[in-house]
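Worksheet: the structure to be examined is printed underneath.
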Amino acid sequence: MPQWLQSTVDYVTKPNSMTPGWYADPIAGMIWALVYILIIFGGVSLVVMAMNWLERKALAHIQVRLGPMRVGPHGLLQPIADAIKLFIKEDIIPDGADKVVFWLAPVAVVMTAFTVYIVVPFGPQHAVTDMNIGLLFMLGVGSLSVLGIIMAGWASNSHYPLMGSLRSSAQMVSYEIAMGMAVVSAVLMTSFAGGGIYGTGGASATGGTLSMIGIVQAQAQQGTWFVFKFFPLGLLAFFIFAVAMVAETNRAPFDLPEAESELVAGFHTEYSGLRWSLFMLGEYAAMVAVSSIAVTLWLGGWMRPFQSLHGPNVEIPHYWSGGAIDLAAALVPAAIFFLLAFFTFIGVVRMPKHPIFRVQTAGLAAFGLALGAIGLVLLAPPVRDRVQDIFWFVLKVAVFMYLYIWYRGTFPRYRFDQLMHLGWKFMIPMGIAVLILTGALGVMAQ
Amino acid sequence: MTVNKFLRTIFLVDLLQGLALTFRYQAPKEIYTEQYPLQRPNVAERYRGAPRLNVNPDTNETLCIACDLCALACPEHLIVVTSERNEKTRRKELTTFTYDLSRCMFCGLCEDACPTDALELTQDFELAAYTREGAIWDRQTLEQGPQPTVYKK
Numbered sequence: 001m002p003q004w005l006q007s008t009v010d011y012v013t014k015p016n017s018m019t020p021g022w023y024a025d026p027i028a029g030m031i032w033a034l035v036y037i038l039i040i041f042g043g044v045s046l047v048v049m050a051m052n053w054l055e056r057k058a059l060a061h062i063q064v065r066l067g068p069m070r071v072g073p074h075g076l077l078q079p080i081a082d083a084i085k086l087f088i089k090e091d092i093i094p095d096g097a098d099k100v101v102f103w104l105a106p107v108a109v110v111m112t113a114f115t116v117y118i119v120v121p122f123g124p125q126h127a128v129t130d131m132n133i134g135l136l137f138m139l140g141v142g143s144l145s146v147l148g149i150i151m152a153g154w155a156s157n158s159h160y161p162l163m164g165s166l167r168s169s170a171q172m173v174s175y176e177i178a179m180g181m182a183v184v185s186a187v188l189m190t191s192f193a194g195g196g197i198y199g200t201g202g203a204s205a206t207g208g209t210l211s212m213i214g215i216v217q218a219q220a221q222q223g224t225w226f227v228f229k230f231f232p233l234g235l236l237a238f239f240i241f242a243v244a245m246v247a248e249t250n251r252a253p254f255d256l257p258e259a260e261s262e263l264v265a266g267f268h269t270e271y272s273g274l275r276w277s278l279f280m281l282g283e284y285a286a287m288v289a290v291s292s293i294a295v296t297l298w299l300g301g302w303m304r305p306f307q308s309l310h311g312p313n314v315e316i317p318h319y320w321s322g323g324a325i326d327l328a329a330a331l332v333p334a335a336i337f338f339l340l341a342f343f344t345f346i347g348v349v350r351m352p353k354h355p356i357f358r359v360q361t362a363g364l365a366a367f368g369l370a371l372g373a374i375g376l377v378l379l380a381p382p383v384r385d386r387v388q389d390i391f392w393f394v395l396k397v398a399v400f401m402y403l404y405i406w407y408r409g410t411f412p413r414y415r416f417d418q419l420m421h422l423g424w425k426f427m428i429p430m431g432i433a434v435l436i437l438t439g440a441l442g443v444m445a446q
Numbered sequence: 447m448t449v450n451k452f453l454r455t456i457f458l459v460d461l462l463q464g465l466a467l468t469f470r471y472q473a474p475k476e477i478y479t480e481q482y483p484l485q486r487p488n489v490a491e492r493y494r495g496a497p498r499l500n501v502n503p504d505t506n507e508t509l510c511i512a513c514d515l516c517a518l519a520c521p522e523h524l525i526v527v528t529s530e531r532n533e534k535t536r537r538k539e540l541t542t543f544t545y546d547l548s549r550c551m552f553c554g555l556c557e558d559a560c561p562t563d564a565l566e567l568t569q570d571f572e573l574a575a576y577t578r579e580g581a582i583w584d585r586q587t588l589e590q591g592p593q594p595t596v597y598k599k
């Protein structure tokens with residue numbers, strides 16, 4: 001490595017003595033932030049494309065169909081073909097539309113969806129920034145997306161979009177309350193010192209925190225994910241959030257704002273081409289963002305399962321906490337990629353033997369080899385140790401993404417009064433009860 | 447509300463059962479879709495599709511005796527049979543046979559009326575044509591059967 005490069009690397013990676021893992025120099029911190037922003041922007045866009053393919057495929061299989069099969073092996077290149085189609089499509093602005101607001105609406109949706117990623121903690125050191133009001137920032141900016149939807153509905157100057165955006169605003173307002181109650185109960189849990197599920201033991205020495213990284217560290221310190229804390233309470237709060245987040249992102253079964261059978265396409269009826277795809281990008285990015293809040297608050301963020309069994313007041317056999325378990329957990333990312341490569345191999349073997357499919361079979365085999373190569377890279381110890389946190393975080397978020405698709409394939413859409421009934425008469429009282437009981441349990445144990 | 451029903455509601459048993467059902471249906475063996483041009487569908491045995499005028503496989507002579515019964519049986523009057531008398535053998539011989547597929551409803555009455563099993567509705571279902579005239583089949587097309595384009599990449 002040349003001298004100047006070495007000194008640059010040293011300068012950029014010089015650690016901060018106050019907060020380990022963060023960088024001493026503000027410029028270095030900014031460089032790292034920029035790198036993370038680029039990685040996150042690219043990664044989320046890629047995830048949205050993958051999600052597009054996965055949703056069509058999984059939904060098709062639930063409905064005993066095949067899904068996309070023609071563009072690339074098993075339709076793997078379909079999102080790219082769709083993206084090209086949307087780019088070259090005519091961009092229609094209706095005559096009576098408010099041009100400026102019509103133009104701003106999709107931008108607002110995408111901007112808010114991507115801004116929240118600033119505080120998403122992919123690992124103790126892997127985040128754009130660690131804001132002390134991270135959670136508040138995330139919920140605040142995330143709620144702005146409804147503004148984009150209302151702008152779209154109003155600017156379209158058409159009745160279906162207007163109805164869709166009205167529904168969306170009513171829905172978001174009523175579910176945000178329940179969501180807030182659940183979130184506050186999780187924040188309350190960060191302020192308890194004791195470990196384990198019921199070990200409360202007074203206030204935490206450092207106090208409660210709203211920082212996304214701090215919340216995960218509080219879970220590590222207390223030795224339990226917050227889903228299991230105060231047993232049914234954490235789970236109930238998580239359940240409320242899990243339902244409310246589906247409503248917040250306008251997904252089935254709460255997809256009334258874009259109900260196809262009633263409102264054509266809801267708030268984006270008048271949108272086409274690139275603007276329409278921006279709405280889709282924003283919706284999927286928001287799904288990932290909201291899932292990552294759920295993972296951070298209740299599912300231990302970047303912690304691997306059973307890491308908390310090393311906790312101070314948990315009696316476990318010696319061999320559980322030994323290096324062998326750590327090593328085994330560190331090998332899981334590579335193992336998952338090998339498993340994916342194996343499934344791809346099965347796909348290659350089961351590809352139709354017709355000569356038309358020869359190129360596609362070769363492509364799928366190459367894809368499988370790439371997955372295997374990624375698995376091999378993940379086996380290397382330096383990579384393994386650095387990527388582990390990110391891997392567990394992404395895996396947990398991926399489970400939520402699958403749940404979104406699974407819900408959409410299973411549940412029929414709610415009627416609007418049913419939606420309001422559920423939100424106001426079950427979710428909000430339950431949220432308040434959970435919040436009060438969490439506080440009471442915390443105080444009682446002092 | 448019975449206790450049982452109450453517990454079902456509280457623990458969302460019905461929703462979970464629905465989720466389990468949709469999860470099971472994701473198995474690849476459940477897929478019903480066929481990849482049509484490459485994978486041929488299994489047409490039902492009694493399906494009535496493209497008409498065919500059968501020939502004697504040994505001599506390559508048509509089995510049709512130009513009796514005109516199919517044209518008489520046809521409720522749409524879409525079959526036109528012309529024949530001429532062969533002076534040597536003193537028999538009627540088929541000259542042209544036209545069959546207007548665009549008006550055919552595949553009722554199969556012509557096939558039932560045929561005394562020599564010459565006219566037959568086969569299981570071929572690829573009947574699309576680029577023009578209206580393409581749907582009117584002459585004797586040659588009827589004997590050869592439809593020749594749809596075989597699509598390669």
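Chains as they are written, first to last, in our numbering: chain A, 1 to 446; chain B, 447 to 599.
All residues carry an ideal CB built from backbone N, CA and C; glycine is no exception.
1. Keeping to the same chain, check which residues put their C-beta closer than 6 Å to that of A:Met-351; ignore five residues upstream and five downstream.
2. If we define contact as Cβ-Cβ less than 7 Å, is A:Arg-65 a contact residue for chain B?
3. With the cut-off set at 7 Å, would you say B:Glu-522 and B:Arg-549 are in Cβ contact?
4. Any beta carbon of chain A sitting closer than 7 Å to that of B:Gln-472?
5. For A:Lys-85, count the other beta carbons within 10 Å of its own beta carbon; 16 or more makes it buried, fewer makes it exposed. Which is it?
6. Restricting to Cα atoms, I'd like to know which of B:Thr-455, B:Gln-569, B:Glu-589, B:Lys-451 is closest to B:Ala-490.
7. Which residues in chain A sit within 8 Å of B:Thr-468, going by Cβ to Cβ distance?
8. Return the Cβ separation of A:Gly-431 and A:Ala-178 in integer angstroms, given the expectation that the two are a contact with Cβ distance under 8 Å.
9. Going by the CB atoms, is the gap between A:Leu-66 and A:Ala-60 shorter than 7 Å?
10. Note down, one range per segment and in chain order, each alpha helix (DSSP H) of at least 4 residues found wholly within the segment 357-396 of chain A.
11. Our contact map puts A:Gly-148 next to A:Thr-112 with C-beta atoms below 8 Å; I'd like the distance itself, whole angstroms only.
12. Suppose only complete runs of 3+ residues qualify. What are the beta strand (DSSP E) ranges in the segment 509-537 of chain B, listed by chain order?
13. Quick check: the segment 241-254 of chain A against the segment 412-426 of chain A, are at least 3 beta-carbon pairs closer than 8 Å?
14. Tell me B:Glu-566's beta-bridge partners as DSSP assigns them.
15. Per DSSP, what are the beta-bridge partners of B:Phe-543 in this structure?
16. Which residue marks the beginning of the alpha helix (DSSP H) containing B:Arg-585, and which one marks its end?
17. For B:Ile-477, return the contacting residues in chain A, with the cut-off set at a CB-CB distance below 8 Å.
18. Taking three-plus beta-carbon pairs below 8 Å as touching, is the segment 380-397 of chain A in contact with the segment 227-235 of chain A?
19. Using a Cβ-Cβ distance cut-off of 7 Å, determine whether A:His-354 contacts chain B.
20. Using 7 Å as the limit for Cβ to Cβ distance, is B:Leu-484 near chain A?
21. Measure the beta-carbon distance from B:Thr-542 to B:Asp-584 and round it to whole angstroms, keeping in mind my assumption that it falls under 8 Å.
22. Relative to chain B, which residues along the segment 69-102 of chain A have a C-beta separation below 8 Å, given in chain order?
23. Report yes or no: do three or more beta-carbon pairs, one from the segment 139-157 of chain A and one from the segment 265-272 of chain A, lie closer than 8 Å?
24. Under the three-state reduction of DSSP, which class applies to A:Phe-41: helix, strand or coil?
25. B:Leu-518 CB to nearest chain E CB: under 7 Å?
26. Only counting runs of 4 or more residues, tell me where the alpha helix (DSSP H) segments fall wholly within the segment 69-117 of chain A, in order along the chain.
27. Give me the DSSP bridge partner(s) of B:Ile-582.
28. When the cut-off is 7 Å and only beta carbons count, does B:Gly-464 lie next to chain A?
29. Determine the contact status of A:Val-151 and A:Ala-105, defining contact as a CB-CB distance below 7 Å.
30. Roughly how many angstroms separate the alpha carbons of A:Ala-510 and A:Ser-185, rounded to a whole number?
31. I need the DSSP call for B:Pro-503, collapsed to helix, strand or coil.
32. Counting only Cβ pairs nearer than 8 Å, list the residues of chain B close to A:Ala-242.
Reading it off the structure:
1. Taking the first sequence and counting its residues from 1, one reaches residue 351 of chain A at position 351. The residues are Phe-357, Thr-361.
2. By 1-based counting over the first sequence, the position of residue 65 of chain A is 65. At least one chain B Cβ lies under 7 Å of A:Arg-65.
3. Start at 1 with the first residue of the second sequence, and residue 522 of chain B comes out as number 76. Start at 1 with the first residue of the second sequence, and residue 549 of chain B comes out as number 103. In contact: B:Glu-522 and B:Arg-549 (Cβ atoms closer than 7 Å).
4. Translated into the one-based positions of the second sequence, residue 472 of chain B becomes position 26. Judged by the 7 Å Cβ criterion, B:Gln-472 is in contact with chain A.
5. Taking the first residue of the first sequence as position 1, residue 85 of chain A is located at position 85. It counts as exposed.
6. If you number the second sequence from 1, residue 490 of chain B lands on position 44. Checked all of B:Thr-455, B:Gln-569, B:Glu-589, B:Lys-451; the closest Cα to B:Ala-490 is B:Gln-569.
7. As a first step, residue 468 of chain B is located in the second sequence; it is residue number 22 there, counting from the start. Ordered by position in chain A, the residues that pass the 8 Å Cβ test against B:Thr-468 are Ile-62, Trp-406, Gly-409, Thr-410.
8. In the first sequence, residue 431 of chain A corresponds to position 431, counting from 1. In the first sequence, residue 178 of chain A corresponds to position 178, counting from 1. Indeed, because the Cβ distance is near 4 Å, the residues count as touching under 8 Å.
9. Residue numbering aside, residue 60 of chain A sits at position 60 when the first sequence is read from its first letter. Residue numbering aside, residue 66 of chain A sits at position 66 when the first sequence is read from its first letter. Cβ distance < 7 Å, so A:Ala-60 and A:Leu-66 count as in contact.
10. 358-379
11. Along the first sequence, read from residue 1 onward, the residue named residue 148 of chain A stands at position 148. Along the first sequence, read from residue 1 onward, the residue named residue 112 of chain A stands at position 112. Right, the Cβ-Cβ distance comes to about 7 Å (below 8 Å), so this counts as a contact.
12. 525-532
13. yes
14. For the purposes of this step, residue 566 of chain B is identified with residue 120 of the second sequence, where counting begins at 1. According to DSSP, B:Glu-566 bridges with B:Arg-498.
15. Residue numbering aside, residue 543 of chain B sits at position 97 when the second sequence is read from its first letter. DSSP, once it has assigned bridges, lists B:Val-527 as partnering B:Phe-543.
16. Here residue 585 of chain B refers to the residue found at position 139 of the second sequence. From DSSP, the alpha helix (DSSP H) with B:Arg-585 extends over 585-590.
17. Position 31 of the second sequence, counted from the first residue, corresponds to residue 477 of chain B. Here the neighbours are His-61, Val-64, Arg-65, Leu-66.
18. no
19. Along the first sequence, read from residue 1 onward, the residue named residue 354 of chain A stands at position 354. It does; some Cβ of chain B falls within 7 Å.
20. Reading the second sequence from its first residue, position 38 is the one you call residue 484 of chain B. Cβ-Cβ to chain A under 7 Å: yes for B:Leu-484.
21. Translated into the one-based positions of the second sequence, residue 542 of chain B becomes position 96. Translated into the one-based positions of the second sequence, residue 584 of chain B becomes position 138. Contact flag correct, Cβ pair sits at about 7 Å.
22. Met-69
23. yes
24. On the first sequence, position 41 is the one that residue 41 of chain A refers to. A:Phe-41: helix per DSSP, three-state reduction.
25. Given the protein chain composition of this structure (A and B), no chain E is represented.
26. 78-88, 99-115
27. Working through the second sequence from its first residue, we reach residue 582 of chain B at position 136. Answer is B:Asp-546, bridged to B:Ile-582.
28. What you label residue 464 of chain B is simply residue 18 of the second sequence in a count that begins at 1. Cβ-Cβ to chain A under 7 Å: yes for B:Gly-464.
29. Numbered from its first residue, the first sequence carries residue 151 of chain A at position 151. Numbered from its first residue, the first sequence carries residue 105 of chain A at position 105. The amino acid at residue 151 of chain A is misidentified as Val; the sequence shows Met. For A:Met-151 and A:Ala-105, yes; Cβs fall inside 7 Å.
30. Absent from the structure is residue 510 of chain A, since the part of chain A shown begins at 1 and ends at 446.
31. Position 57 of the second sequence, counting from 1, holds the residue named residue 503 of chain B. Coil.
32. Along the first sequence, one-based indexing puts residue 242 of chain A at 242. Chain B residues near A:Ala-242: none, gap ~12 Å exceeds 8 Å.
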